[in-house]
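Below you'll find the structure, written out as structure tokens, and then a few comments.
Residue numbers (the working numbering): 1 to 306.
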């Protein structure tokens with residue numbers, strides 16, 4: 001479950017952006033931005049009580065992730081820049097920013113390893129089950145998934161996000177939705193959640209920022225979100241699945257001699273299967289709308305429309 005938390009959070013970030021029609025491929029960079037901010041606040045506020053410092057650490061991560069997403073958002077809205085390219089480029093900036101930080105201003109006090117000192121105890125998430133590494137970030141991910149489902153399903157903002165995601169041009173022509181505002185909120189919300197993933201990793205697992213903190217969670221999150229059909233509740237399940245696969249990859253290689261790269265193969269096959277089924281359903285719906293649905297053999301031997 002510990003390995004699932006960053007996948008669930010970044011998966012929710014990607015799902016929110018895609019629902020709004022925003023192709024945010026930058027969850028990786030936003031995660032790193034959140035991790036850098038969380039580590040800085042956790043180190044700087046070591047004398048503060050946990051009731052103040054822990055929310056400050058997570059809040060800094062959320063703010064940093066949102067600000068990191070704001071840059072490609074403004075480029076899209078005001079300069080017409082494609083968010084796929086700009087968010088990917090921002091990933092590299094975030095990764096190299098973290099590398100510079102751990103080799104420079106925040107390097108651990110001995111100056112030996114490319115990482116920061118550990119954050120204060122007050123900046124750490126509580127452990128849910130003694131003797132394990134399962135931390136309160138898992139509950140935070142569950143709560144956030146439920147909150148996003150409520151927003152998308154029952155609020156006006158959720159309707160606007162879904163409408164713009166379905167047809168930005170149609171929403172703009174209708175004139176009742178401020179499309180630019182919705183796109184901006186999609187960017188900021190997605191970046192904030194991805195930044196939170198970085199903060200939770202610092203406060204709940206590593207307690208320090210180091211080079212290569214993420215093994216590519218921001219990219220795997222795209223697969224998690226797509227496999228879940230962009231549904232927040234399903235993201236929980238796919239995040240747990242992918243987390244279990246990643247957690248078991250090392251043990252599988254040690255015990256059975258099966259290369260860990262096969263985990264990536266299984267993940268890819270799962271995604272391709274879901275996408276193929278979705279395309280078949282869309283094609284059948286299109287054919288049905290035109291009265292061209294293929295005939296299906298009925299149980300009695302006759303045929304019926306598919």
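Idealized CB from N, CA, C, for every residue including glycine.
Span of the alpha helix (DSSP H), counted from its first residue to its last, around residue i
i           : result
residue 135 : No alpha helix (DSSP H) contains residue 135, which DSSP labels as neither H nor E.
residue 91  : 83 to 103
residue 197 : 179 to 201
residue 220 : 217 to 227
residue 204 : Premise fails: residue 204 is in no alpha helix (DSSP H) and is neither H nor E.
residue 169 : 168 to 174
residue 19  : 4 to 19
residue 78  : 50 to 79
residue 28  : 27 to 44
Buried or exposed by the 16-neighbour rule on C-beta atoms within 10 Å, applied to residue i
i           : result
residue 297 : Caution applies to residue 297, whose pLDDT of 49 falls short of 50 and renders its modelled position unreliable; the value that the coordinates give is listed next. Exposed is the call here.
residue 135 : buried
residue 129 : exposed
residue 286 : exposed
residue 306 : The predicted model places residue 306 with a pLDDT of 47, which falls under 50 and marks its position as unreliable, so this point remains unresolved.
residue 259 : exposed
residue 198 : buried
residue 119 : buried
residue 39  : buried
residue 217 : buried
residue 304 : Its pLDDT being 49, under 50, residue 304 is placed unreliably in this model, and the coordinates cannot settle the point.
residue 203 : buried
residue 225 : buried
residue 194 : buried
Residue i and residue j closer than 8 Å at C-beta
i           : j           : result
residue 23  : residue 108 : no
residue 34  : residue 14  : no
residue 97  : residue 41  : no
residue 137 : residue 179 : no
residue 102 : residue 87  : no
residue 227 : residue 271 : yes
residue 219 : residue 28  : yes
residue 233 : residue 149 : yes
residue 54  : residue 145 : no
Cβ-based neighbour list, residue i, same chain, cut-off 7 Å, excluding 5 preceding and 5 following
i           : result
residue 20  : 161, 164, 165, 182, 183 and 186
residue 207 : 118, 119 and 124
residue 196 : 9, 34, 58, 61, 62 and 65
residue 168 : 21 and 179
Contacts around residue i, its chain only, beta-carbon distance under 6 Å, and the 5 residues preceding and following it disregarded
i           : result
residue 191 : 30, 65, 66, 68 and 69
residue 73  : 184 and 187
residue 76  : 83
residue 16  : 189 and 190
8 Å CB neighbourhood of residue i in its chain, flanking five on each side removed
i         : result
residue 3 : 243, 244, 246 and 247
| query | If we count Cβ pairs, one from each stretch, closer than 8 Å, do we get three or more for the segment 181 to 195 versus the segment 255 to 270? | reply | no
| Using 8 Å as the Cβ pair cut-off and three pairs as the minimum, do the segment 147 to 164 and the segment 79 to 99 touch? | no
| query | Are three or more beta carbon pairs between the segment 135 to 152 and the segment 235 to 245 nearer than 8 Å? | reply | yes
| Cβ pair count under 8 Å reaching 3, the segment 4 to 12 against the segment 170 to 177 | no
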